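Notes for the one structure printed next.
Protein chains: 2
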Amino acid sequence: MNSFTILKMSTHSNFGTFQKLIMLPGPTNVPIEVTEAMISPSIGHRTSDFSSLMDKVVRKGNILFECDENIVILTASGTAAVEASITNILRKGDKAIVTVCGEFGSRVSEQISGVGASPIQLIADYGDYPSLSDLERALETNPDTKAVYIVTNETSSGAMCHWLKEAGDLTSKHGAFLIADAVSNWGADKMPLRDYNIDFIATCSQKSIAAPPGLALISISTKYKDQIFKDTQKLHFLNLPRYINFFDKKSQTPFTPALPLYFALDKAFDLMLDEGMDNRYLRHGYCGKAFYDAFEAMGLKLFGVQEVRSNTVISVAYPDGIKDKDFRSSLETQYGVVVAGGFGDYVGKLFRVGSLGMVNQYHVLTTISAIGNNLRRLGFNANLDSALDVAMKNLTNIRSKL
Amino acid sequence: MNSFTILKMSTHSNFGTFQKLIMLPGPTNVPIEVTEAMISPSIGHRTSDFSSLMDKVVRKGNILFECDENIVILTASGTAAVEASITNILRKGDKAIVTVCGEFGSRVSEQISGVGASPIQLIADYGDYPSLSDLERALETNPDTKAVYIVTNETSSGAMCHWLKEAGDLTSKHGAFLIADAVSNWGADKMPLRDYNIDFIATCSQKSIAAPPGLALISISTKYKDQIFKDTQKLHFLNLPRYINFFDKKSQTPFTPALPLYFALDKAFDLMLDEGMDNRYLRHGYCGKAFYDAFEAMGLKLFGVQEVRSNTVISVAYPDGIKDKDFRSSLETQYGVVVAGGFGDYVGKLFRVGSLGMVNQYHVLTTISAIGNNLRRLGFNANLDSALDVAMKNLTNIRSKL
Chain A
7 MNSFTILKMS THSNFGTFQK LIMLPGPTNV PIEVTEAMIS PSIGHRTSDF
57 SSLMDKVVRK GNILFECDEN IVILTASGTA AVEASITNIL RKGDKAIVTV
107 CGEFGSRVSE QISGVGASPI QLIADYGDYP SLSDLERALE TNPDTKAVYI
157 VTNETSSGAM CHWLKEAGDL TSKHGAFLIA DAVSNWGADK MPLRDYNIDF
207 IATCSQKSIA APPGLALISI STKYKDQIFK DTQKLHFLNL PRYINFFDKK
257 SQTPFTPALP LYFALDKAFD LMLDEGMDNR YLRHGYCGKA FYDAFEAMGL
307 KLFGVQEVRS NTVISVAYPD GIKDKDFRSS LETQYGVVVA GGFGDYVGKL
357 FRVGSLGMVN QYHVLTTISA IGNNLRRLGF NANLDSALDV AMKNLTNIRS
407 KL
Chain B
7 MNSFTILKMS THSNFGTFQK LIMLPGPTNV PIEVTEAMIS PSIGHRTSDF
57 SSLMDKVVRK GNILFECDEN IVILTASGTA AVEASITNIL RKGDKAIVTV
107 CGEFGSRVSE QISGVGASPI QLIADYGDYP SLSDLERALE TNPDTKAVYI
157 VTNETSSGAM CHWLKEAGDL TSKHGAFLIA DAVSNWGADK MPLRDYNIDF
207 IATCSQKSIA APPGLALISI STKYKDQIFK DTQKLHFLNL PRYINFFDKK
257 SQTPFTPALP LYFALDKAFD LMLDEGMDNR YLRHGYCGKA FYDAFEAMGL
307 KLFGVQEVRS NTVISVAYPD GIKDKDFRSS LETQYGVVVA GGFGDYVGKL
357 FRVGSLGMVN QYHVLTTISA IGNNLRRLGF NANLDSALDV AMKNLTNIRS
407 KL
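Just so you know, the sequences run in chain order A and B. Quick note on the numbering used here: the first sequence kicks off at 7 and runs consecutively. Quick note on the numbering used here: the second sequence kicks off at 7 and runs consecutively.
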């Protein structure tokens with residue numbers, strides 16, 4: 007592993023008239039070799055050509071997820087992977103604990119209700135995150151809980167779960183299933199399925215994996231697998247035993263897969279294996295810290311509670327007088343940098359920078375420069391020198407650690 | 007419309023070492039300009055860039071489907087579109103009539119049972135198709151039928167529904183919904199949603215549309231739309247009102263779409279609009295007939311009942327002594343032509359040629375030559391001259407009609 011590979015200025019970005027720097031919490035910038043992998047000849051999904059491809063992809067995925075069972079890939083969004091985690095095990099009347107501190111936790115809670123199960127919500131303010139002791143209390147009060155749903159990174163606010171390993175141990179001790187809705191931070195933050203006692207990880211292709219959107223990835227424990235074969239859901243599309251059986255028999259998918267995206271995923275997995283997961287976690291951590299430190303140095307107020315800050319979604323409060331629409335549209339049209347706004351009640355109050363996927367020094371410095379410059383242009387006296395200086399210090403730090 | 011455009015030898019096929027001629031009932035050969043459309047810069051799915059793309063795609067789709075409501079696009083397989091047609095309107099205890107004469111009819115029937123509704127099966131032998139009078143009788147016996155599910159083209163056997171318009175009129179008169187599982191022949195056989203009184207058409211990107219797999223397309227009637235807003239299903243991923251509301255408000259999708267496939271679909275829709283749907287139906291009809299006539303002239307026995315033959319999936323019985331595995335693997339490795347085998351009990355008894363998408367004279371003649379040659383090599387005395395002659399007559403016929 008050459009530690010400079012991931013830090014060098016990207017020669018891939020095609021940073022011209024049409025290409026923008028996508029600093030969103032997904033989709034992310036896709037390396038050109040991953041994009042180009044989609045231009046593969048048509049193949050049939052019931053042929054040995056596809057079986058070979060699928061075997062390769064699953065084998066690589068199993069290494070990355072650090073799991074015992076084969077990963078399952080759906081042609082669908084991350085929401086479908088989360089929904090599959092629910093429809094495959096929860097039944098009418100079941101109890102499931104769920105972390106709710108933003109849009110995505112609320113969605114999981116609704117999906118749990120959708121199958122007639124009862125969500126027990128661990129609620130925290132927007133920008134904060136529930137605590138491990140909240141979970142402990144909920145499990146003690148509800149010893150018949152069937153599953154615990156942790157939204158590992160609340161994309162809508164930029165708060166993350168810092169006690170996932172402890173949650174795995176605790177939930178396993180209570181005999182419940184631990185489900186990680188890790189859609190926006192698997193691959194960026196450490197969560198080995200087996201070692202952390204996680205039973206289900208849901209993520210998708212366009213977040214830290216840095217492939218194009220369209221595939222949802224699922225990794226399950228043997229305990230979860232046994233349960234869904236014992237009591238199998240009746241519909242087809244999200245029916246995981248069908249996917250597992252089909253792969254075991256033919257190394258194929260039960261329903262037609264988005265073939266070009268499989269070629270892309272295969273290439274994206276190669277890049278992950280080449281970098282190494284530990285390096286990847288470090289890189290995400292340092293890039294995230296570079297952003298936080300730079301925004302503070304610039305004179306901006308970070309949004310949310312410091313202790314629960316996400317490594318991948320950086321939320322920043324707008325200074326007085328800066329309007330969301332003006333700021334983000336000029337950032338995109340003048341500087342070619344795309345960042346996200348707030349959600350729900352927080353629209354107009356904050357912006358969110360996605361720092362994930364192949365994020366590197368080039369992306370971080372370009373984004374900070376563009377944001378600082380744009381804020382100055384709009385009348386906020388951003389201390390850009392100081393921001394770039396502190397970002398650069400963090401980024402130099404990565405080189406010495408990798 | 008230049009009638010020669012669609013018949014000229016494809017310069018797109020890249021017919022070299024790696025590219026095979028895919029004569030499957032989907033995925034089909036994808037024109038290179040559609041494939042290359044996927045190489046577009048990363049865009050965010052919550053940006054005006056995506057809204058513009060989505061608006062274009064939906065507007066074009068509405069013309070092609072000949073419908074009043076906006077089409078809905080899911081990042082998923084055709085199975086998901088069919089499942090959405092079920093989960094969005096059928097409830098526990100509802101009755102639904104369904105045509106069952108092969109694998110895909112059986113799947114729909116299982117999916118209907120999956121939501122606790124009762125499927126009333128119109129059964130025909132494999133290779134045959136239920137009749138309109140079967141439907142009439144079933145509707146009379148079950149006046150409380152909520153929906154009629156027609157698998158318009160039973161891909162597993164190569165039998166199609168030749169009374170779809172009549173079914174629409176009849177079902178509408180009975181106040182039920184007509185659902186067309188048209189996964190494998192929308193775009194190849196005429197089925198204007200509004201004129202045929204169809205309430206739901208399910209199809210997907212990799213069949214007659216000739217785009218890569220990964221998107222499911224849904225067109226609904228106003229009657230169906232009213233029903234699903236009156237009684238909305240609770241889960242998220244296949245929840246059509248969520249898709250409709252999101253599009254109405256923002257010209258976006260509620261969950262992350264497979265962006266590269268949207269660029270490809272946009273281009274594929276352009277090619278369909280350029281050709282014109284009536285020309286497209288004619289082309290599929292003539293290419294299908296060229297295959298049927300050529301296989302008979304070759305001395306082969308066609309599979310299935312003549313009156314219900316599909317225009318897009320040509321099923322041929324193997325002559326004595328020809329083994330499926332030998333035939334299809336040498337066809338692929340020696341001639342570079344990929345065709346499908348039989349399903350279930352019919353594995354080894356027949357092969358199926360997919361004649362859809364951008365299928366043209368070049369594909370038809372190449373496939374017939376390869377199959378005839380390969381059969382001769384394997385010991386069957388195929389009359390190849392006569393087969394090519396009769397195919398060519400049919401194909402010349404297209405030119406004069408378009």
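In this text, a Cβ means the ideal position worked out from N, Cα and C, and glycines have one as well. None of the values given here were measured: they were computed from a predicted structure.
**Asked** Is the Cβ-Cβ distance between GLN127(A) and ILE92(A) less than 8 Å?
**Response** Here residue 127(A) refers to the residue found at position 121 when the first sequence is read from its first residue. Here residue 92(A) refers to the residue found at position 86 when the first sequence is read from its first residue. No, Cβ-Cβ distance for GLN127(A) and ILE92(A) is not below 8 Å.
**Asked** What is the rounded straight-line gap between the Cα of ALA388(B) and the Cα of THR161(B)?
**Response** On the second sequence, residue 388(B) is found 382 positions in, with the first residue counted as 1. On the second sequence, residue 161(B) is found 155 positions in, with the first residue counted as 1. Rounded to the nearest angstrom, the two C-alpha atoms are 26 Å apart.
**Prompt:** Rounded to the nearest angstrom, how far is the Cβ of VAL154(B) from that of ASP187(B), given a contact under 8 Å?
**Reply:** Looking up residue 154(B) in the second sequence gives position 148. Looking up residue 187(B) in the second sequence gives position 181. The Cβ separation is near 11 Å, so there is no contact.
**Request:** Compare the C-alpha of TYR287(A) against each of SER58(A), LEU241(A), ALA43(A) and LEU70(A) and name the closest.
**Result:** As a first step, residue 287(A) is located in the first sequence; it is residue number 281 there, counting from the start. For TYR287(A), the nearest C-alpha among the options comes from LEU70(A).
**Message:** Considering only their Cβ atoms, is the gap separating PHE183(A) from ILE95(A) smaller than 8 Å?
**Reply:** Along the first sequence, read from residue 1 onward, the residue named residue 95(A) stands at position 89. Along the first sequence, read from residue 1 onward, the residue named residue 183(A) stands at position 177. Yes, these two residues count as a Cβ contact at 8 Å.
**Request:** Under 8 Å Cβ to Cβ from PRO218(A), same chain only, skipping five residues before and after it: list those, please.
**Result:** Here residue 218(A) refers to the residue found at position 212 of the first sequence. Apart from the 5 residues on each side of it in sequence, PRO218(A) sits with its Cβ closer than 8 Å to the Cβ of PRO33, VAL36, VAL40, THR41, MET44, SER211, GLN212, LEU267 and ALA270 in its chain, given in chain order.
**Prompt:** Going by C-alpha distance, which of ASP326(B), MET304(B) and LYS295(B) is nearest GLN312(B)?
**Reply:** Looking up residue 312(B) in the second sequence gives position 306. Measuring from the Cα of GLN312(B), the nearest candidate turns out to be LYS295(B).
**Request:** Tell me whether ASN389(B) sits in a helix, a strand or coil according to DSSP, three-state version.
**Result:** Locating residue 389(B) in the second sequence gives position 383, counting from the first residue. Correct three-state label for ASN389(B): coil.
**Asked** Excluding the five sequence neighbours on either side, which residues of its own chain have a C-beta within less than 8 Å of the C-beta of PHE21(A), listed in chain order?
**Response** Your numbering for residue 21(A) matches position 15 in the first sequence. Reliability of the predicted coordinates at PHE21(A) is poor, the pLDDT of 35 falling under 50, and no value is obtained from them.
**Message:** Considering only their Cβ atoms, is the gap separating GLY84(A) from VAL189(A) smaller than 8 Å?
**Reply:** For the purposes of this step, residue 189(A) is identified with residue 183 of the first sequence, where counting begins at 1. For the purposes of this step, residue 84(A) is identified with residue 78 of the first sequence, where counting begins at 1. Cβ distance < 8 Å, so VAL189(A) and GLY84(A) count as in contact.
**Spatial neighbours of VAL106(A) in its chain, beta-carbon cut-off 7 Å, leaving aside the 5 residues before and after** = Taking the first sequence and counting its residues from 1, one reaches residue 106(A) at position 100. Correct list, in chain order: SER112, SER115, GLN127, LEU128 and ILE129.
**Request:** Give a yes or no on whether 8 Å exceeds the smallest Cβ distance from ILE320(B) to chain A.
**Result:** Locating residue 320(B) in the second sequence gives position 314, where the first residue counts as 1. Not an interface residue.
**Prompt:** Does any C-beta atom of chain B lie closer than 8 Å to the C-beta of LEU267(A)?
**Reply:** Locating residue 267(A) in the first sequence gives position 261, counting from the first residue. LEU267(A) counts as touching chain B.
**Prompt:** When the distance is taken between beta carbons, is GLY363(B) closer than 8 Å to SER214(B)?
**Reply:** Looking up residue 214(B) in the second sequence gives position 208. Looking up residue 363(B) in the second sequence gives position 357. Yes, Cβ-Cβ distance for SER214(B) and GLY363(B) is below 8 Å.
**Asked** DSSP beta-bridge partners for ILE207(B)?
**Response** In the second sequence, counting from the first residue as 1, residue 207(B) sits at position 201. DSSP, once it has assigned bridges, lists ALA186(B) and SER225(B) as partnering ILE207(B).
**Asked** If you run the structure through DSSP and keep just helix, strand and coil, what is MET364(B)?
**Response** As a position in the second sequence, residue 364(B) is number 358, starting the count at 1. If DSSP states are grouped into helix, strand and coil, MET364(B) belongs with coil.
**Request:** Kindly indicate which residue of ARG200(B), ALA216(B), ALA346(B) and ALA90(B) has the alpha-carbon position closest to the one of ASN191(B).
**Result:** The count along the second sequence starts at 1 and reaches residue 191(B) at position 185. Ranking ARG200(B), ALA216(B), ALA346(B) and ALA90(B) by Cα distance to ASN191(B) puts ALA216(B) first.
**Request:** Would you check if the distance between the CB atom of ASN317(B) and the CB atom of ASP175(B) is smaller than 8 Å?
**Result:** On the second sequence, residue 317(B) is found 311 positions in, with the first residue counted as 1. On the second sequence, residue 175(B) is found 169 positions in, with the first residue counted as 1. Taking 8 Å as the Cβ cut-off, ASN317(B) and ASP175(B) do not qualify as a contacting pair.
**Request:** Figure out for me which residue from ASP332(A), LEU401(A) and VAL344(A) has the closest Cα to the Cα of PHE386(A).
**Result:** Working through the first sequence from its first residue, we reach residue 386(A) at position 380. Checking every option, the nearest Cα to that of PHE386(A) belongs to ASP332(A).
**Prompt:** Taking C-alpha atoms, which residue in MET283(A), ALA264(A), LEU308(A) and SER119(A) lies nearest to GLY164(A)?
**Reply:** To locate residue 164(A), count along the first sequence from 1; it is residue 158. The shortest Cα separation from GLY164(A) among MET283(A), ALA264(A), LEU308(A) and SER119(A) belongs to LEU308(A).
**Request:** Could you tell me the boundaries of the beta strand (DSSP E) in which LYS255(A) lies?
**Result:** On the first sequence, residue 255(A) is found 249 positions in, with the first residue counted as 1. First-last for LYS255(A): 246-256, but that is the alpha helix (DSSP H), not the beta strand (DSSP E).
**Request:** Taking 8 Å as the cut-off, decide whether the C-beta atoms of ASP254(B) and SER227(B) are in contact.
**Result:** For this step, residue 254(B) is matched to residue 248 along the second sequence. For this step, residue 227(B) is matched to residue 221 along the second sequence. No.
**Asked** Taking MET398(A) as the reference, which of ASP351(A), LEU371(A) and VAL314(A) has the closest Cα?
**Response** As a working mapping, residue 398(A) is identified with position 392 in the first sequence. The residue with the shortest Cα to Cα distance from MET398(A) is LEU371(A).
**Message:** Can you tell me which residues form a DSSP beta bridge with ILE28(B)?
**Reply:** Taking the first residue of the second sequence as 1, we reach residue 28(B) at position 22. The partner list for ILE28(B) (beta bridge, DSSP) reads VAL344(B).
**Request:** Could you spell out the range, first to last residue, of the beta strand (DSSP E) harbouring LYS66(B)?
**Result:** In the second sequence, the residue the question calls residue 66(B) occupies position 60. LYS66(B) -> not in any beta strand (DSSP E); alpha helix (DSSP H) instead, spanning 54-71.
**Request:** Would you mind listing the beta strand (DSSP E) stretches within the segment 119-202 of chain B that are 3+ residues and don't spill past its ends, in chain order?
**Result:** Taking only runs of at least 3 residues, the beta strand (DSSP E) segments lying wholly in the segment 119-202 of chain B are 124-129, 151-157 and 183-187.
**Asked** Is the Cβ of SER162(A) closer than 8 Å to any Cβ of chain B?
**Response** Working through the first sequence from its first residue, we reach residue 162(A) at position 156. Not one chain B Cβ lies under 8 Å of SER162(A).
**Item:** Cβ-based neighbour list, PHE297(B), same chain, cut-off 8 Å, excluding 5 preceding and 5 following
**Value:** Counting from one through the second sequence, the residue named residue 297(B) turns up at place 291. Cβ neighbours of PHE297(B) beyond the five flanking positions: ILE320, VAL359, SER361, VAL370, THR373, ILE374 and ALA397.
**Request:** Can you check the segment 74-118 of chain A for any beta strand (DSSP E) of at least 3 residues that lies completely inside it and give the ranges in chain order?
**Result:** Listed in chain order, they are 78-81 and 101-106.
**Message:** For GLY111(B), would you say it is in contact with chain A, using Cβ-to-Cβ distances shorter than 8 Å as the test?
**Reply:** Along the second sequence, one-based indexing puts residue 111(B) at 105. With 8 Å as the cut-off, GLY111(B) does not count as an interface residue toward chain A.
**Prompt:** By Cβ distance, which residues of its chain are closer than 6 Å to GLY378(A), with the 5 residues on each side in sequence left out?
**Reply:** Against the first sequence, residue 378(A) aligns to sequence position 372. Cβ within range, chain order: MET304, ALA388, LEU390 and ALA393.
**Request:** Compare the C-alpha of ASN76(A) against each of ALA144(A), LEU246(A), ARG382(A) and TYR202(A) and name the closest.
**Result:** Sequence index remark: in the first sequence, residue 76(A) carries index 70 (1-based). For the residues ALA144(A), LEU246(A), ARG382(A) and TYR202(A), the minimum Cα distance to ASN76(A) belongs to LEU246(A).
**Exposed unless 16 or more other CB atoms sit within 10 angstroms - verdict on ASN400(B)** = By 1-based counting over the second sequence, the position of residue 400(B) is 394. The residue is buried, with at least 16 neighbouring Cβ atoms inside 10 Å.
**Item:** Per-residue contacts from LYS240(B) into chain A (C-beta, under 9 Å)
**Value:** In the second sequence, counting from the first residue as 1, residue 240(B) sits at position 234. Within chain A, the residues near LYS240(B) are GLU116, GLN117, SER119, GLY120, VAL121 and GLY122.
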